[in-house]
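Residue numbers (my numbering): 8 to 213.
For reference, the structure discussed in these notes is given below.
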Amino acid sequence: MDRIRRLPTGMVWGLGVLPLALLVWDTLAGNLGVDPVRDIEHRLGRTAVYFLIASLCVTPILRIARVNLVKFRRPLGLLAASYAGLHLLAWAILDMGLLWPQMLRDIAKRPYLTIGMAVLVILLVMAATSSNGAIRWLGPMRWRVIHRWVYLAAPLAVFHWLLAYKIWPAKPLVILALVAILLALRLPWLQGRLKALPQSPLKSSE
């Protein structure tokens, strides 16, 4: 367990770049699907969701498995925000051609786009306030309030994924169930049960 805790956070960033590198490679090699733009958009969006869920796993892993991965939560969250931003850029540039009036109409008219924009705003605000300086400036209480919006962003991100399809594939439904479990583990009565488990020297920072 100590070996995991000693891993540098730079390793998370290194691994976090791999999905983007693979996407660039597949684009240049012509390995995308019949609709390359759609494939690029969806892969970036899915990767954002995966990193967002990974950041939500940190606290349950600490409380259940007694493995302290808290130092990895910030880079995981920043990676989620980065891929969400790239997802938006791919849609705005490749799909919509930066036609701002049409983009604004679509965001207002299509629920999945409205939800997606709400998720992006939450993630970007959290990313902008993720530094130690932001914590000092906002104060711990305000900072926690802002960063608890992740509990709304995560399910909304999966709903955005589901609503983007005319049919509901199995993968996002499974991920939605996983998000529900991760959020349920934060309920007070469940947290009390987790605290009753055998204790370890590791302590939560939350």
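Using N, Cα and C, we set each Cβ at its ideal position, and we do this for glycine too.
**Asked** If you scan the stretch 155 to 179 from start to end, which runs of the alpha helix (DSSP H) of 4 or more residues do you find wholly inside it?
**Response** Fully enclosed alpha helix (DSSP H) runs of 4 or longer: 157 to 170.
**Request:** If I'm right that residue 168 touches residue 52 with Cβ under 8 Å, what's the distance once you round it to whole angstroms?
**Result:** As a position in the sequence shown, residue 168 is number 161, starting the count at 1. As a position in the sequence shown, residue 52 is number 45, starting the count at 1. The pair is a contact, with the Cβ atoms about 7 Å apart (cut-off 8 Å).
**Asked** Is residue 211 buried or exposed, if buried means 16 or more other CB atoms sit within 10 Å of its CB?
**Response** One-based indexing of the sequence shown puts residue 211 at position 204. Low per-residue confidence applies at residue 211: pLDDT is 40, beneath 50, and the placement is therefore not dependable enough to give any value.
**Request:** Look at the alpha carbon of residue 113 and the alpha carbon of residue 40, and state the distance between them as a whole number of angstroms.
**Result:** The count along the sequence shown starts at 1 and reaches residue 113 at position 106. The count along the sequence shown starts at 1 and reaches residue 40 at position 33. Answer to the nearest angstrom: the Cα atoms are 24 Å apart.
**Prompt:** Straight-line CA distance for residue 70 to residue 106?
**Reply:** On the sequence shown, residue 70 is found 63 positions in, with the first residue counted as 1. On the sequence shown, residue 106 is found 99 positions in, with the first residue counted as 1. Going from the Cα of residue 70 to the Cα of residue 106 covers about 47 Å.
**Message:** Quick check on the burial criterion: 16 or more other C-beta atoms within 10 angstroms. Buried or exposed for residue 82?
**Reply:** Walking along the sequence shown from the start, residue 82 turns up at place 75. Residue 82 should be labelled buried.
**Request:** Assign residue 75 to one of three DSSP states: helix, strand, or coil.
**Result:** On the sequence shown, position 68 is the one that residue 75 refers to. The answer is coil: DSSP assigns residue 75 none of H, G, I, E or B.
**Request:** With a 10 Å radius around its C-beta and 16 neighbouring C-beta atoms as the bar for buried, classify residue 207 as buried or exposed.
**Result:** Stepping through the sequence shown from its first residue, residue 207 is reached at position 200. In this predicted model, residue 207 has a pLDDT of only 47, less than 50, meaning its place in the structure is not dependable; the value taken from the coordinates is given anyway. Per the 10 Å Cβ criterion, exposed.
**Request:** Express the C-alpha separation of residue 126 and residue 157 in angstroms, rounding to a whole number.
**Result:** By 1-based counting over the sequence shown, the position of residue 157 is 150. By 1-based counting over the sequence shown, the position of residue 126 is 119. Cα-Cα distance, rounded: 9 Å.
**Message:** Using the three-state DSSP reduction, which class does residue 137 fall into: helix, strand or coil?
**Reply:** Here residue 137 refers to the residue found at position 130 of the sequence shown. In the structure shown, residue 137 sits in coil (DSSP, three-state: anything other than H, G, I, E or B).
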